[in-house]
Amino acid sequence: MNRFIPTFLFASSLFLFQGCSLLSKTADASDQEQQSMEHHDMSNMDEDSSHHDMNNMNMDGESTPGNSHHDMSNMQEETVKTETEAKLTVPDAIAPNQSFPLAINIQDSAGNPVSNFDISLEKRMHLIVVSDDLEFFAHIHPKYTDQGQFDIEPSLPKAGNYTLFSDYKPAGDAERVSLMHLSVAGTKEASAKIDKSSTKSFGKTKVSFSTDKEQIKANEPLTLKFDIQDTATNTPVKDLQPYLGKTGHLIIVKQSNTLTSEDYIHAHATEGTALGKVDFETQFPEPGKYKLWGQFNRNGKIITADFWVNVL
């Protein structure tokens, strides 16, 4: 049995909303998920992570209530039925580049475990993890163990604050997103300079990003376009395959001193685009700088293409 020093427990109140689903993983899987902008080893952050002994993780704390903006093309009305609560349990000291047990317990408002979950885009839970400076990104899938508990053993690359967006759907109920925070101990590094390039290479894949409007304005619908080519030939890729049930997935987070649920958007690819092209329809809720992570499956290799946009 693993032994851990005392832990903090974070609770998050969640509310129902119109449903849509999260998606993805991290990096260009042509190098086994190490070709994203961040180049972090996420090999331990997957659906097959083993169960962790959480017996010593029982100290209470609070986290921020969660919500999200959704894919404008797939929104459907859903009936609000129940309120749930997510409790995040981690060790009280987390070191950079060292794996640690992380558990998310889903409970109802009375504190009882929520035990049954619908499969949403091929998974019971999608967990998005970003550093507060948005340099680090991961999309992982905690393993459901039992009695409302999801386990994962991640490794985070550097000291600082991280925000977790957890997406799940209790059986027969509406989808929820919770927002939780954790910190990695140590001296914070200076953030890297923002790369404003609209074309980038990720291993054997080159991705160009554009929009259907010259200026992006808050609260105006628009199309975000990804042109995906083979790096060696500069021709459209012919081997895109569905990823978590869609042609592509897009995660968007607003640059903010402290991330909140209002800073988060996710969207699904539209259907019927040309060869090597993937489009997303959405809108930004307010002005500011946003980072985008588009995720695509190229013949079994997951490509994560990151770009920045400025919203007026």
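With numbering that gives the first Met the number 0, letter number 172 in the sequence shown gets 171, and the count goes up by one each step, no holes. C-beta atoms are modelled at their ideal positions from N, C-alpha and C, and glycine is treated no differently.
Assuming the contact rule is C-beta atoms closer than 8 angstroms, residue i and residue j should be a hit. Round their C-beta distance to whole Å, please.
i	j	result
L221	L291	At roughly 12 angstroms, the Cβ-Cβ gap does not stay under 8 angstroms, so L221 and L291 are not in contact.
S165	A85	6 angstroms
L126	L163	6 angstroms
D337	T269	As shown, the chain starts at 0 and ends at 311. That puts residue 337 outside it, with no answer to give.
K192	G159	About 17 angstroms; that fails the 8 angstroms criterion.
N194	Y161	Per the sequence presented here, residue 194 reads as Asp, with Asn not at that position. Not confirmed; about 21 angstroms, so no contact.
L178	T259	7 angstroms
In terms of residues, what are the limits of the beta strand (DSSP E) holding residue i?
i	result
Y242	From DSSP, Y242 is part of no beta strand (DSSP E); its letter is neither H nor E.
T234	Counting along the chain, T234 falls outside any beta strand (DSSP E), and DSSP gives it neither H nor E.
T186	T186 -> no beta strand (DSSP E), and no H or E assigned at all.
D91	Taken as a continuous stretch (DSSP letters only), D91 belongs to no beta strand (DSSP E), as it is neither H nor E.
I103	101-107
T198	198-201
T257	That residue, T257, is in no beta strand (DSSP E); it is neither H nor E in DSSP.
E280	276-281
F164	159-167
D150	148-151
State buried or exposed for residue i, treating a residue as buried only when at least 16 other CB atoms are found within 10 Å of its CB.
i	result
D211	exposed
T83	buried
G110	exposed
L274	exposed
A392	Because the chain is modelled from 0 through 311, residue 392 falls outside the range shown and cannot be assessed.
E285	exposed
A231	exposed
A184	exposed
N296	buried
K300	buried
Q294	buried
A398	Given that the chain is displayed from residue 0 to residue 311, the structure contains no residue 398 and the question cannot be resolved.
K245	buried
T234	exposed
T257	exposed
H69	Its pLDDT being 45, under 50, H69 is placed unreliably in this model, and the value from its coordinates should be taken loosely. Buried is the call here.
P313	The requested residue 313 does not occur in the structure, where the chain is confined to residues 0 to 311.
D317	In the structure as shown, the chain starts at 0 and stops at 311, and residue 317 therefore has no counterpart that could be examined.
By Cβ distance, which residues of its chain are closer than 6 angstroms to residue i, with the 5 residues on each side in sequence left out?
i	result
F149	I103, M124, P141, Y143
N54	Reliability of the predicted coordinates at N54 is poor, the pLDDT of 30 falling under 50, and no value is obtained from them.
N115	A170
D117	K168, A170
K157	P95, E188
D229	V236
Quick one: does the C-beta of residue i sit closer than 7 angstroms to a heavy atom of the ligand ADP?
i	result
K290	Looking at this structure, you won't find the ligand ADP or any other ligand, since it has none at all.
When DSSP builds the beta bridges, which residues end up paired with residue i?
i	result
S190	Per DSSP, none; premise fails for S190.
I302	F295
H138	I127
Q228	K205, P235
Q214	Its beta-bridge partners do not exist; DSSP assigns none.
E119	It is Ser, not Glu, that sits at residue 119 in the sequence shown. K122, per the DSSP bridge assignment.
D145	Q148
V113	Partner(s): none; V113 has no beta bridge.
T222	E280
A266	L249
L178	F164
K288	N309
Going along the chain, which residues of its own chain have a beta-carbon closer than 8 angstroms to the beta-carbon of residue i, five neighbours each way excluded?
i	result
D30	Residue placement at D30 is flagged as unreliable, the pLDDT there being 34, under the threshold of 50; a coordinate-derived value is accordingly withheld.
S108	T81, E82, T83, E84
P241	N296
A94	V183, A184, G185
Grab me the residues of residue i's own chain with a C-beta within less than 7 angstroms of its C-beta, minus the 5 sequence neighbours each way, in chain order.
i	result
S207	S197, T198, D226
G287	K253, Q254, V310
K237	L274
V308	I215, Y289, L291
G147	N104, I105, Q106, P112, V113, S114
S209	S197, K224
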